[in-house]
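Numbering (the working numbering), first residue to last: 982 to 1298.
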């Protein structure tokens, strides 16, 4: 049987109803001795909701010499509880593999009396000189969403290892701390940062409340530094939500510097101006329609119409 055929057998076994799926995957785990296939089985198994009962092959997997198998076994145990399982996972807090330690922390956080040990393990990992170890701690702390672990996440915002910073941003955004808005916006204003962090920062700003001139400037600066259409759309979505008297004017300034051939970006920016623009912006828009934005006269007219609609009472005075 080929490699791909074995993977397909595992996939089909996982799709069977419980408990047949667990029984068959257990048999496959015993017969397919390759760590690659055993790890795949552990990623496929979905345990029935019988707390405290885990198949024997999963407990054996926790003692495997292969780190990927140990890590996947802990993930497979998610949702199950019991002292026997806990006793099997606790030693893995000191595992040599980062992912195993992180998964053990996530699993054991459910037990009140092991949280101290978990917190200590995460703090030790977060203080490591190895960037992968630090990032693993941040990932686990972000998954747990407990305020007690927020210091680990906030410290990671200053890390020079970007995957860890991305994990910290995504973990902290659920807290909605007001001071995070400016911290996250600063990443967008830093051209040295990578696209992954910019995506995470844009997604975070969509969820965080609050705005300000520095946030608007950061959004526009990032917009001008990326050609990533998906990221541009995220940044524009955040801009459109900024309820500030300065945002429309800044967007107008940006449009005036824009290459007239960037239709998609120009269209979205004019949408923002239509939503946020003030009556005094109308004259600037009309002048641009007669000049640089002549090709987009219909889009400009739409923005002007939207401003007029929003400020109809003002115009009638």
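The beta carbon of each residue, even a glycine, is placed where N, CA and C say it ideally should be.
Continuous alpha helix (DSSP H) stretch holding residue i: start and end
i: residue 1093; result: No alpha helix (DSSP H) contains residue 1093, which DSSP labels as neither H nor E.
i: residue 1223; result: That residue, residue 1223, is in no alpha helix (DSSP H); it is neither H nor E in DSSP.
i: residue 1024; result: 1016-1025
i: residue 1114; result: 1112-1125
i: residue 1291; result: 1278-1291
i: residue 985; result: 984-995
i: residue 1145; result: 1143-1153
i: residue 1252; result: 1244-1257
i: residue 1007; result: 1001-1012
i: residue 1301; result: Because the chain here runs from 982 to 1298, residue 1301 falls outside it and cannot be looked at.
i: residue 1131; result: 1131-1137
i: residue 1267; result: 1262-1271
Sub-7 Å separation of residue i and residue j beta-carbons
i: residue 1284; j: residue 1255; result: yes
i: residue 1231; j: residue 1197; result: yes
i: residue 1183; j: residue 1150; result: no
i: residue 1257; j: residue 1229; result: yes
i: residue 1086; j: residue 1103; result: yes
i: residue 1263; j: residue 1233; result: no
i: residue 1248; j: residue 1280; result: yes
i: residue 1144; j: residue 1116; result: yes
i: residue 1016; j: residue 1053; result: no
i: residue 1169; j: residue 1161; result: no
i: residue 1079; j: residue 1114; result: yes
i: residue 1090; j: residue 1125; result: yes
i: residue 1219; j: residue 1186; result: yes
i: residue 1003; j: residue 1036; result: yes
i: residue 1026; j: residue 1057; result: yes
i: residue 1122; j: residue 1134; result: yes
i: residue 1236; j: residue 1259; result: no
i: residue 1020; j: residue 1049; result: yes
i: residue 1204; j: residue 1164; result: no
i: residue 1278; j: residue 1268; result: no
i: residue 1129; j: residue 1166; result: no
i: residue 1112; j: residue 1142; result: yes
i: residue 1038; j: residue 1063; result: no
Option nearest residue i by Cα separation, candidates the options
i: residue 1051; options: 1082, 1126 and 1092; result: 1082
i: residue 1209; options: 1236, 1238 and 1245; result: 1245
i: residue 1288; options: 1129, 1092, 1261 and 1109; result: 1261
i: residue 995; options: 982, 1068, 1174 and 1009; result: 1009
i: residue 1018; options: 1122, 1042 and 1091; result: 1042
i: residue 1195; options: 1225, 1206, 1136 and 1214; result: 1225
i: residue 993; options: 1005, 984, 983 and 982; result: 1005
i: residue 1011; options: 1077, 1171 and 991; result: 991
i: residue 1024; options: 1044, 1095, 1055 and 997; result: 1055
i: residue 1127; options: 1155, 1059 and 1110; result: 1155
i: residue 1077; options: 987, 1105, 1066 and 1136; result: 1105
i: residue 1239; options: 986, 1132 and 1274; result: 1274
i: residue 1188; options: 1223, 1094 and 986; result: 1223
i: residue 984; options: 1093, 997, 1000 and 1013; result: 1013
i: residue 1253; options: 1214, 1072, 997 and 1109; result: 1214
i: residue 1110; options: 1096, 1101, 1093 and 1140; result: 1140
> Which runs of the beta strand (DSSP E), 3 residues or longer, sit entirely within the segment 1155-1197?
Replying inline: none
> Where are the beta strand (DSSP E) runs, 3 residues long or more, that stay fully inside the segment 1044-1093, in chain order?
Replying inline: none
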